[in-house]
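Before any comments, here is the structure.
Residue numbers (my numbering): 53 to 258.
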């Protein structure tokens with residue numbers, strides 16, 4: 053584990069600055085765990101078209117940051133989640149979801165491989181979605197965690213991807229506090245965080 057007396061970050065957060073990323077950063081900071089922020093998964097430009105890119109690249113990090121980072125957290129914020137799951141679901145929207153998943157998988161995996169992450173966590177902010185759409189977003193996030201865990205494992209990293217879905221405002225603080233323990237341990241069993249390896253495998257398309 054990285055020496056917390058050094059200035060290097062231990063956690064890389066892929067995501068815009070929102071109440072979710074802010075709460076996570078604050079919770080980690082209370083335990084002297086430094087966070088590095090960069091662009092959201094699947095996006096490389098600071099604009100609202102965060103799901104529209106096709107190129108995937110590792111985030112810009114210094115050699116010292118690469119050496120110190122142990123965990124990667126990818127946050128799918130409320131705006132991105134609503135834009136993909138809140139509207140009408142049809143062939144075009146399903147195609148966009150597949151593209152989004154591919155982009156997010158590539159960029160999150162690239163970040164994990166760059167830093168040699170010991171663990172990866174996906175967080176989906178589904179608070180503003182109705183029940184059925186929330187379930188769809190949760191399933192999408194779970195399947196993405198499976199893919200990222202597999203890609204990490206075949207490239208020499210632990211298959212240690214997990215995911216969490218935020219369904220209420222109260223869960224923001226809860227998950228932020230849980231992230232501290234998740235970062236400090238490679239073991240399963242953290243409340244509100246599900247290991248992709250223990251979740252049902254994605255069904256193959258017929």
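We put the CB at the ideal spot given by N, CA and C, even for glycine.
Who are the Cβ neighbours of residue i in its own chain at under 6 Å, not counting the five residues just before and after it?
| i | result |
| --- | --- |
| residue 93 | 66, 126, 156, 159, 160 |
| residue 186 | 178 |
| residue 97 | Reliability fails at residue 97, whose pLDDT of 42 lies under 50, so the model's placement of it is uncertain and no value is given. |
| residue 207 | 165 |
Could you check where the alpha helix (DSSP H) with residue i kicks off and where it finishes?
| i | result |
| --- | --- |
| residue 171 | Here residue 171 belongs to no alpha helix (DSSP H); instead the beta strand (DSSP E) covers 171 to 177. |
| residue 159 | 143 to 167 |
| residue 186 | 183 to 206 |
| residue 235 | 222 to 236 |
| residue 74 | 71 to 81 |
Determine, using beta carbons only, whether residue i and residue j come nearer to each other than 9 Å.
| i | j | result |
| --- | --- | --- |
| residue 193 | residue 209 | no |
| residue 88 | residue 113 | yes |
| residue 216 | residue 248 | no |
| residue 121 | residue 167 | yes |
| residue 214 | residue 246 | yes |
| residue 119 | residue 72 | no |
| residue 123 | residue 64 | yes |
| residue 229 | residue 79 | yes |
Below 7 Å CB to CB, which residues in the same chain sit around residue i once its five sequence neighbours on both sides are set aside?
| i | result |
| --- | --- |
| residue 181 | 133, 134, 137, 138, 189 |
| residue 226 | 244 |
| residue 117 | 60, 61, 88 |
| residue 223 | 244 |
| residue 53 | Model confidence at residue 53 stands at a pLDDT of 48, short of 50, so the residue's coordinates are unreliable and nothing is read from them. |
| residue 149 | 136, 192 |
Kindly identify the DSSP beta-bridge partner or partners of residue i.
| i | result |
| --- | --- |
| residue 247 | 214 |
| residue 89 | 65 |
| residue 128 | 176 |
| residue 123 | 63, 171 |
Pull up the CB-CB distance for residue i and residue j, whole angstroms please, since I reckon it's below 8 Å.
| i | j | result |
| --- | --- | --- |
| residue 232 | residue 83 | 5 Å |
Once you ignore the five residues that flank residue i on each side, which residues in its own chain have a CB closer than 8 Å to its CB?
| i | result |
| --- | --- |
| residue 218 | 72, 175, 176, 177, 178, 179, 224, 227 |
| residue 205 | 211 |
| residue 171 | 122, 123, 124, 210, 212, 213, 214, 234, 235, 238 |
| residue 57 | The predicted position of residue 57 is uncertain, since its pLDDT is 46 and thus under 50; no value can be drawn from it. |
| residue 153 | 192, 195, 196, 199 |
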